[in-house]
């Protein structure tokens, strides 16, 4: 069984790597499609994304079958979402699936470059930090049927927030007219931090992590943020010929946050609290993960309240959606990698 599991692990790793390459290829093709509006390029972009998603789906179910054989304990307890490697793979897979469905439903490719950029960056991140793909027996706290309900629904909510953030980013880019607006600062800052993070991942993949690389990361964050702020309007001009439907983007932001908020409330907070009581004897302990999950929930609650009760502008609402996703990323990755606590299953 160990040899078979080892071979399957290598196979699934390679398949995920192939899917990651196809995600990056799709990102490039979608970008060229948006700029040049070439129909064949658009078809190729969709094909690369769909094939990458299909390979990723197959690898996920292979991993599930492998883990079921390895650990036993029931098919639902063998869902591969128990550590950093598996949960990030699950996030990238869900995002790819959500986007493909959204594109076929709306017949619009506007979000493709950004969606697959995030999918590809997630695979690259896993590769860069050397997250272990080895199978390990479940710790006692994870040997519960609540695992599937709590974790899968939480990540479904994360993906909803990711899609809303992509739409919010495009919306803010499109409506920006001057550097003095707060939403111009927000979207250029997000792109600056994202670009610096991608360069950082490439550097630690090539050179490993050390103090010098960490210092470079901080410098890159500052440099890229300043550059995007200075040249943001030039970047916006690249999108001037792209027919973004602002109403469609705004609807995507609202609908995905509404769905994500409901799923996160039930699956993330309520189911998580019930599971915590059965595992640790208390519903809530203000563990770092619980605290930041609550912060995330509050921010999206503020978005929903502000959008309707306070009649915020669409720019303000989109800005909160973008900030909310940054907090969501920190809730998962930042807390797992920087803090210790009861939820430290996603550490390296």
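Residue numbers (our numbering): 1386 to 1733.
We put the beta carbon where it would ideally sit given N, CA and C, even for glycine.
Note that the structure is a prediction, hence the values are computed from the model and not measured.
- Other residues of its chain near residue 1697: CB distance less than 6 Å, five sequence neighbours each side excluded: Sequence index remark: in the chain shown, residue 1697 carries index 312 (1-based). Same-chain partners within the cutoff: 1691.
- Task: Could you check what DSSP says for residue 1629 in three-state terms: helix, strand or coil?
- Result: In the chain shown, residue 1629 corresponds to position 244, counting from 1. In this structure, residue 1629 counts as coil in the three-state DSSP scheme.
- Query: CB residue 1415 to CB residue 1498, shorter than 7 Å?
  - Reply: The count along the chain shown starts at 1 and reaches residue 1415 at position 30. The count along the chain shown starts at 1 and reaches residue 1498 at position 113. Yes.
- Report the option in 1646, 1412, 1505 whose CA atom is closest to the CA atom of residue 1429. The residue you call residue 1429 lines up with position 44 of the chain shown. Cα-wise, what sits closest to residue 1429 is 1412.
- Message: If distances are taken between C-alpha atoms only, which option among 1436, 1465, 1651 comes closest to residue 1449?
- Response: As a working note, residue 1449 is residue 64 in the chain shown. Comparing alpha-carbon positions, the option among 1436, 1465, 1651 lying closest to residue 1449 turns out to be 1465.
- Message: So, under 8 Å CB-CB, residue 1436 and residue 1407 are touching, yes? Tell me the CB distance rounded to an integer number of Å.
- Response: Locating residue 1436 in the chain shown gives position 51, where the first residue counts as 1. Locating residue 1407 in the chain shown gives position 22, where the first residue counts as 1. Rounded, the Cβ-Cβ distance is 6 Å, consistent with contact.
- Extent of the continuous alpha helix (DSSP H) to which residue 1557 belongs: Here residue 1557 corresponds to residue number 172 of the chain shown, with the count starting at 1. Segment 1531-1560, the alpha helix (DSSP H) holding residue 1557.
- Query: Do you know whose CA, among 1646, 1552, 1494, 1665, lies nearest residue 1678's CA?
  - Reply: Translated into positions along the chain shown, residue 1678 becomes position 293. If we check each option's Cα against that of residue 1678, 1646 comes out closest.
- Message: By alpha-carbon positions, which one of 1527, 1574, 1553 ends up nearest to residue 1629?
- Response: Counted from its first residue, the chain shown places residue 1629 at position 244. If we check each option's Cα against that of residue 1629, 1553 comes out closest.
- Looking only at its own chain, which residues have a Cβ that is under 8 Å from the Cβ of residue 1426, when we skip the five neighbours before and after it? Working through the chain shown from its first residue, we reach residue 1426 at position 41. The answer, listed in chain order, is 1414, 1417, 1418.
- Please decide whether residue 1654 counts as near chain D, where near means a Cβ-Cβ distance under 7 Å. Absent from the structure is chain D; it holds one protein chain and no more.
- Task: Count the other C-beta atoms from every protein chain shown that fall within 10 angstroms of the C-beta of residue 1665, then say buried if there are 16 or more, exposed otherwise.
- Result: In the chain shown, the residue the question calls residue 1665 occupies position 280. Burial call: exposed.
- the segment 1607-1615 touching the segment 1571-1583, judged by at least three CB pairs closer than 8 Å: Contact between the segment 1607-1615 and the segment 1571-1583 is present, because at least three Cβ pairs lie under 8 Å.
- Item | Euclidean distance between Cα positions of residue 1401 and residue 1441 | Stepping through the chain shown from its first residue, residue 1401 is reached at position 16. Stepping through the chain shown from its first residue, residue 1441 is reached at position 56. One C-alpha to the other measures close to 6 Å.
- Message: Assuming residue 1434 is part of the alpha helix (DSSP H), what are its boundary residues?
- Response: Mapped onto the chain shown, residue 1434 falls at position 49. Its alpha helix (DSSP H) spans residues 1424-1456.
- Query: Is residue 1713 buried or exposed, if buried means 16 or more other CB atoms sit within 10 Å of its CB?
  - Reply: The residue you call residue 1713 lines up with position 328 of the chain shown. Buried, by the Cβ-count rule.
- What is the DSSP secondary structure of residue 1516, reduced to helix, strand or coil? Mapped onto the chain shown, residue 1516 falls at position 131. It is coil, neither helix nor strand.
- Taking 7 Å as the cut-off, decide whether the C-beta atoms of residue 1671 and residue 1658 are in contact. The residue labelled residue 1671 in the question sits at position 286 within the chain shown. The residue labelled residue 1658 in the question sits at position 273 within the chain shown. Not closer than 7 Å, so no.
- Task: Leaving out five residues on either side along the sequence, give the residues of the same chain with a beta carbon under 7 Å from the beta carbon of residue 1483.
- Result: Stepping through the chain shown from its first residue, residue 1483 is reached at position 98. Around residue 1483: 1544, 1548.
- Query: Secondary structure at residue 1496, three-state DSSP: helix, strand or coil?
  - Reply: Looking up residue 1496 in the chain shown gives position 111. In the three-state reduction of the DSSP assignment, residue 1496 falls in the coil class, being assigned neither a helical nor a strand state.
- Task: Report the three-state DSSP secondary structure of residue 1582 (helix, strand or coil).
- Result: Stepping through the chain shown from its first residue, residue 1582 is reached at position 197. Helix.
- Roughly how many angstroms separate the alpha carbons of residue 1469 and residue 1681, rounded to a whole number? Position 84 of the chain shown, counting from 1, holds the residue named residue 1469. Position 296 of the chain shown, counting from 1, holds the residue named residue 1681. Rounded to whole angstroms, residue 1469 to residue 1681 spans 20 Å at the Cα level.
- Are the segment 1557-1571 and the segment 1614-1621 touching by the rule of at least three beta carbon pairs closer than 8 Å? yes
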